[in-house]
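Participant: Using our numbering, the letters of the sequence shown correspond one by one to residues 20 to 472. Next up is a structure, given as structure tokens.
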Amino acid sequence: MSTQIWRGVDLMMRSACCQTIRSNVRPCLHKAVLAPVCHSGLCVPAAPMLQRRAYSLDFLSSGPGRPTLGPSSDHPGAERTSSSSALTHRNLSAVAVQGQCRPLCRYDSLDLGEVEENVRRALACKKIRHFIVDPDLAELVTQHLGPENARSVIFECNPGPGVLTRTLLNAGAQRVVALEGDKLFLRDLQELEGRLDGQLEVVHCDYFKLDPIGVGNLRPPVMYTDKLFTDLGISEASWTDDIPVKVVGILPLRNERGTLLKMVYALFERQSVYRYGRVELNLFISEKEYLKLVSRPGEMMQYRAFSVLWQMACDIELLHKEPWESFVKSSKQRMPSSKNQLPNEHLCLVRLRPRADLFSGGLTPTNASTLLMMIKQCMAKRKVKLIDRLNLWSPDSGSKLLSEMGMLEDILTGHVYPEEYLRLFQLIDKSQEFTQSWLYEEILENPQREGWG
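As structure tokens, this is what we get:
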């Protein structure tokens with residue numbers, strides 16, 4: 020009986036304390052918590068949308084007034100974070116304070132930190148970047164990556180405050196490589212690395228600056244892929260093997276198209292990270308660039324060379340759409356606007372998984388450069404008849420090729436599907452009527468590379 024009375028008194032005291040803390044802290048927390056998802060505006064179909072996020076203050080949180088992930092009591096029917104789960108959030112931190120190092124287990128959970136503090140640290144970055152500081156968003160991204168699969172190494176690009184990093188580790192990721200290009204965030208990430216037992220490796224490197232043009236010694240965060248993978252002990256794998264590396268991050272907004280082109284060229288030629296196998300990209304890209312990436316034949320304004328190449332090389336999956344407001348932006352620069360009326364209200368989490376059979380039908384890293392040149396030339400002028408392009412390369416060969424493919428002779432280059440371009444290339448590559456001279460004639464005629472992007 021005395022035990023039950025004690026528990027009742029203790030519960031009443033904690034409840035009163037929790038209400039006092041909540042009344043004092045909630046106004047300030049609302050300033051830091053990111054804006055909820057807006058359901059207005061044009062959206063890409065079949066994309067899961069994140070529901071309104073709510074935060075609560077648990078009386079077992081590590082520190083007074085710390086916002087912890089969990090449904091708020093303001094929403095009826097919401098479940099609160101249990102005391103047992105809150106206690107596990109403190110296990111690893113307590114061990115680290117004692118100077119010990121141990122592997123994560125299912126009873127450990129890394130503290131994601133205070134929302135306000137993570138926002139403050141992100142805003143301190145002087146570079147133009149977007150950051151994930153929302154625990155719910157980090158959890159959603161983690162679920163899509165499936166970090167419990169120990170076969171794949173996870174490369175996290177520019178983790179910043181490390182909210183996603185810790186969420187991945189909490190979910191059971193066995194090996195996360197944090198590639199951070201800004202020294203501002205390195206110290207805290209390296210401190211976290213030292214508290215673990217090999218699950219996290221921190222490298223001063225910007226993934227999107229790998230393999231610059233030119234030769235010579237490079238200084239971090241610029242790096243060559245060979246050095247990065249060698250230092251990490253990752254060896255080359257067969258193209259048909261399982262995914263060796265999963266890359267997750269936010270594509271830099273400056274020159275998105277150029278970055279996507281650089282990466283897809285490397286994919287076809289098996290250069291850069293693709294020397295080591297079918298590296299999977301899970302990137303947040305702007306909505307307008309995503310719509311161009313997945314545009315279909317006939318959409319003349321959006322259907323470009325990089326659309327054809329990525330659709331030819333990868334299975335493309337839209338995993339999630341998130342409003343810009345859910346990310347912390349470290350620059351006062353305005354959000355990019357769409358000049359051609361494409362919706363651009365979200366960042367889209369897109370999975371780009373290279374096809375295992377890409378190099379099984381005659382395409383090789385050696386002749387891939389010829390395919391790239393062919394696609395560039397065809398898509399430079401998308402309202403030109405394909406037969407005219409073929410006859411330009413090899414006189415009187417267009418009708419024969421189109422007949423063999425079962426295509427109409429008046430089809431335009433902008434109406435041809437990626438798989439049809441691949442089959443056309445395979446026929447051309449086997450044909451004795453075509454010589455490699457056709458690659459360079461268009462370059463001389465189109466020195467400005469019009470339409471190549």
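A virtual CB, placed ideally from N, CA and C, is assigned to each residue, including glycine.
In chain order, what residues of the same chain lie with their CB nearer than 7 Å to the CB of His434, ignoring the 5 residues before and after it?
Facilitator: If we look at His434 and ignore the five residues flanking it on each side, its Cβ neighbours are Pro316 and Gly317.
Participant: In angstroms, rounded to a whole number, what distance separates the CA positions of Val221 and Gln451?
Facilitator: Rounded to the nearest angstrom, the two C-alpha atoms are 52 Å apart.
Participant: Tell me the start and end of each unbroken beta strand (DSSP E) in the stretch 171–223 that is at least 3 residues and wholly inside, in chain order.
Facilitator: For the stretch 171–223, whole beta strand (DSSP E) runs of length 3 or above, ordered along the chain, are 172–176, 195–199 and 219–223.
Participant: Pick helix, strand or coil for Asp448, following the three-state DSSP scheme.
Facilitator: Helix, per DSSP.
Participant: How big is the Cα-Cα spacing for Gly165 and Glu428?
Facilitator: Their Cα atoms are separated by approximately 47 Å.
Participant: So Gln264 is in the beta strand (DSSP E); what residue range does that whole segment cover?
Facilitator: A quick correction: the sequence has Val, not Gln, at residue 264. Run containing Val264: Val264 to Ile269, per the beta strand (DSSP E) assignment.
Participant: Residue range of the alpha helix (DSSP H) that Glu133 falls in?
Facilitator: Unbroken run through Glu133: none, as it is neither H nor E.
Participant: For Phe453, which residues from the same chain have a beta carbon less than 8 Å from its beta carbon, with the 5 sequence-adjacent residues on both sides left out?
Facilitator: Only Trp412, Ser413, Ser416 and Ile447 meet the Cβ criterion.
Participant: Taking Ser291 and Leu366 to be in contact with their CB atoms under 8 Å, please state how far apart those CB atoms are, rounded to whole angstroms.
Facilitator: The Cβ separation is near 24 Å, so there is no contact.
Participant: Name, in chain order, the residues that DSSP records as bridge partners for Met242.
Facilitator: Looking at the DSSP assignment, Met242 forms a beta bridge with Leu229.
Participant: Determine, using beta carbons only, whether Val196 and Ile151 come nearer to each other than 8 Å.
Facilitator: No, Cβ-Cβ distance for Val196 and Ile151 is not below 8 Å.
Participant: Using only CA atoms, which one of Leu420, Tyr440 and Ala143 lies nearest to Glu135?
Facilitator: Nearest option by C-alpha distance: Ala143.
Participant: For Thr363, does the count of other Cβ atoms within 10 angstroms reach 16, so buried, or fall short, so exposed?
Facilitator: Just to set this straight, residue 363 is Asn in the shown sequence, not Thr. Asn363 comes out buried.
Participant: Measure the alpha-carbon distance for Leu371 versus Thr383 and round it to whole angstroms.
Facilitator: Going by the C-alpha atoms only, they are around 20 Å apart.
Participant: Entirely within the stretch 309–396 and at least 3 residues each: give me those beta strand (DSSP E) ranges in chain order.
Facilitator: As far as the stretch 309–396 is concerned, its whole beta strand (DSSP E) runs of at least 3 residues are 333–342 and 365–373.
Participant: Glu336: which of Arg139, His163 and Leu131 sits nearest, CA to CA?
Facilitator: Checking every option, the nearest Cα to that of Glu336 belongs to His163.
Participant: Note down the Cα distance separating Lys202 from Lys402, rounded to an integer number of angstroms.
Facilitator: Spanning the two alpha carbons is a distance of roughly 48 Å.
Participant: Residues in the same chain with beta-carbon distance under 7 Å from Val327, minus the five sequence neighbours each way, listed in chain order, please.
Facilitator: Contacts found: Ile394, Met398, Pro437 and Tyr440.
Participant: Which whole-angstrom value is the C-beta distance of Ala157 and Ser349, which I expect to be below 8 Å?
Facilitator: That belief does not hold up - the Cβ atoms of Ala157 and Ser349 are roughly 17 Å apart, past 8 Å.
Participant: For Val12, is the classification buried or exposed, using 16 other Cβ atoms within 10 angstroms of its Cβ as the cut-off for buried?
Facilitator: Since the first residue shown for the chain is 20 and the last is 472, residue 12 is missing from the structure and cannot be characterised.
Participant: Quick one, which of Phe346, Leu405 and Ala285 has its alpha-carbon nearest Ile147's?
Facilitator: That would be Phe346, whose Cα lies nearest to the Cα of Ile147.
Participant: Give me the Cα-Cα distance between Pro263 and Pro231, rounded to the nearest whole angstrom.
Facilitator: Distance between the alpha carbons of Pro263 and Pro231 is about 23 Å.
Participant: In three-state terms, what does DSSP make of Ser291?
Facilitator: It is helical.
Participant: Quick one, which of Asn236, Gly268, Pro180 and Arg139 has its alpha-carbon nearest Val160's?
Facilitator: If we check each option's Cα against that of Val160, Gly268 comes out closest.
Participant: Counting C-beta neighbours from all protein chains within 10 Å, is the total for Lys307 16 or more, i.e. buried, or is it exposed?
Facilitator: Lys307 is buried by the Cβ-count criterion.
Participant: Name the two residues that bound the continuous beta strand (DSSP E) containing Ile300.
Facilitator: Note that residue 300 is Leu in the sequence shown, not Ile. That run of the beta strand (DSSP E) goes Glu299 to Ser305.
Participant: DSSP beta-bridge partners for His149?
Facilitator: Answer is Lys348, bridged to His149.
Participant: When the distance is taken between beta carbons, is Leu188 closer than 8 Å to Leu129?
Facilitator: A contact, by the Cβ cut-off of 8 Å.
Participant: May I have the straight-line CA-CA distance separating Phe287 from Val313, to the nearest angstrom?
Facilitator: In a straight line, the C-alpha of Phe287 is about 18 Å away from that of Val313.
Participant: Between Glu255 and Arg297, is the Cβ-Cβ spacing less than 8 Å?
Facilitator: Cβ atoms of Glu255 and Arg297: not closer than 8 Å.
Participant: If you count every other CB in all the chains shown that lies within 10 Å of the CB of Ser171, and 16 or more means buried, which is it?
Facilitator: Ser171 should be labelled buried.
Participant: So is Val381 buried or exposed if we call it buried at 16+ other beta carbons inside 10 Å?
Facilitator: The residue you asked about is not Val; residue 381 is Gly in the sequence shown. Gly381 is exposed by the Cβ-count criterion.
Participant: Go through its chain and collect everything with a Cβ distance to Leu270's Cβ below 7 Å, but skip five positions before and after it.
Facilitator: Cβ within range, chain order: Thr278, Leu302, Phe303 and Ile304.
Participant: How many angstroms separate the CA atom of Tyr322 from the CA atom of Lys340?
Facilitator: Rounded to whole angstroms, Tyr322 to Lys340 spans 21 Å at the Cα level.
Participant: What's the C-alpha gap between Thr186 and Val266?
Facilitator: Taking the straight line from one Cα to the other gives about 15 Å.
Participant: Three-state secondary structure (DSSP) at Met431?
Facilitator: Here the sequence assigns Leu to residue 431, which means Met is not the residue at that position. Residue state, collapsed to three classes: strand.
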